[in-house]
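In this note's numbering, the protein residues as written are 353 to 673. In this text, a Cβ means the ideal position worked out from N, Cα and C, and glycines have one as well. See below for the structure under consideration.
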């Protein structure tokens with residue numbers, strides 16, 4: 353399979369790097385208006401087909417799928433052009449700079465019957481897969497609270513860009529919250545902005561099923577943290593996306609036999625129990641995302657991230673102000 357990558361900045365180069373190590377990919381073509389980015393990608397990864405015009409790349413190279421890894425404000429125009437060719441498409445998150453433009457992309461893809469997914473890479477983290485199965489198997493019982501932290505120093509790659517922590521960071525956790533526990537019905541936030549760019553956000557949320565949640569997104573911390581805590585009657589999940597670790601802190605007061613449906617919250621029946629670290633097979637989320645995209649093109653897999661889910665995460669992020 354031949355894949356075309358549009359945009360060869362930091363994220364575009366990551367896509368090319370991972371694609372080079374996937375055996376199903378026989379060839380990669382790239383396109384970028386920035387000649388310096390284009391040339392450095394050709395030199396680093398020995399890419400043969402390099403173009404400054406992405407439509408020329410598509411016409412001459414005839415790829416079987418396209419990845420858009422350009423700045424968010426360019427996604428809509430490029431995506432609509434690619435959809436017009438009928439090629440399967442993966443757009444790096446966010447789907448678009450606005451909900452209206454994201455809707456336009458989704459509707460056009462549906463009209464043309466084009467396979468479309470969005471690069472919410474964290475959804476492919478083995479930690480998320482483990483959390484999802486742990487919850488679906490009923491191991492937490494009556495989830496009532498989720499806390500997430502996604503903090504670190506200012507990313508130099510975004511100097512001078514319009515996007516802040518909401519587009520760069522928040523859409524990840526907002527998508528994961530929606531994936532694990534359902535739609536968000538209420539958001540209240542504290543935001544720190546510098547020159548109209550959000551550099552810190554603390555958000556309190558309520559989910560459609562009554563679950564409460566909080567998230568911290570920050571570019572002002574001199575450390576990197578990517579964590580989630582999920583509280584249920586039977587205990588607490590504590591997971592680290594970055595190090596791909598999953599811990600379960602058991603509530604020793606919980607009685608699985610007599611209290612499968614009654615909430616323990618507020619009863620005082622919460623106590624320290626066993627602490628269990630579940631082993632995870634560590635894998636690069638971007639590789640799993642690309643394998644899912646490639647498998648979907650060939651018909652062997654179903655897309656994990658649906659366009660409507662990505663649009664919902666963008667909608668939540670843009671509601672924060």
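Item, Value
"Do residue 666 and residue 451 come within 7 Å of each other at the CB atom, strictly closer than that value?", "yes"
"How about residue 376 and residue 353: do their beta carbons lie closer than 7 Å?", "yes"
"So is residue 565 buried or exposed if we call it buried at 16+ other beta carbons inside 10 Å?", "buried"
"Which of the three DSSP states is assigned to residue 603 in this structure?", "strand"
"Can you tell me the Cβ-Cβ gap for residue 399 and residue 380, rounded? I've got them flagged as a contact below 8 Å.", "6 Å"
"Give me, in chain order, the residues of the same chain whose beta-carbon lies closer than 6 Å to that of residue 390; leave out the 5 immediate sequence neighbours on both sides.", "360, 384 and 402"
"Going by alpha carbons, who is nearest to residue 673 out of 435, 521, 528 and 542?", "542"
"Curious, which full-length alpha helix (DSSP H) runs of at least 4 residues does the segment 411-452 contain?", "427-437"
"Tell me whether the beta-carbon of residue 474 lies closer than 7 Å to the beta-carbon of residue 516.", "no"
"Could you check which residue in 662, 628, 559 and 602 has the C-alpha nearest to that of residue 536?", "559"
"Report the start-end ranges of each beta strand (DSSP E) in the segment 545-606 that is 3 residues or longer and not cut off at the edges.", "549-559, 564-570, 572-584, 587-592 and 597-603"
"What did DSSP end up calling residue 494 once you bin it into helix, strand or coil?", "coil"
"Starting from the Cα of residue 645, find the closest Cα among 420, 453 and 578 and give me that residue.", "420"
"Have a look at residue 522 and residue 443 and give me their C-alpha separation to the nearest angstrom.", "17 Å"
"So, at 7 Å on beta carbons, what are the nonlocal neighbours of residue 378 in its own chain, with the 5 sequence-adjacent residues on each side left out?", "353 and 354"
"Cα separation between residue 467 and residue 461?", "7 Å"
"From which residue to which residue does the beta strand (DSSP E) around residue 381 run?", "379-383"
"Take the Cβ of residue 660 as the centre, count every other Cβ of all protein chains shown within 10 Å, and call the residue buried at 16 or more, exposed below.", "exposed"
"Considering only the alpha carbon of each residue, which of 417, 589 and 626 lies closest to residue 437?", "417"
"In the DSSP assignment, the alpha helix (DSSP H) including residue 404 goes from what residue to what residue?", "No alpha helix (DSSP H) contains residue 404, which DSSP labels as neither H nor E."
"For residue 604, which residues from the same chain have a beta carbon less than 7 Å from its beta carbon, with the 5 sequence-adjacent residues on both sides left out?", "623, 624 and 625"
"Return the bridge partner residues of residue 671 from the DSSP annotation.", "DSSP output for residue 671 lists no bridge partner at all."
"Start and end of the alpha helix (DSSP H) containing residue 393?", "387-397"
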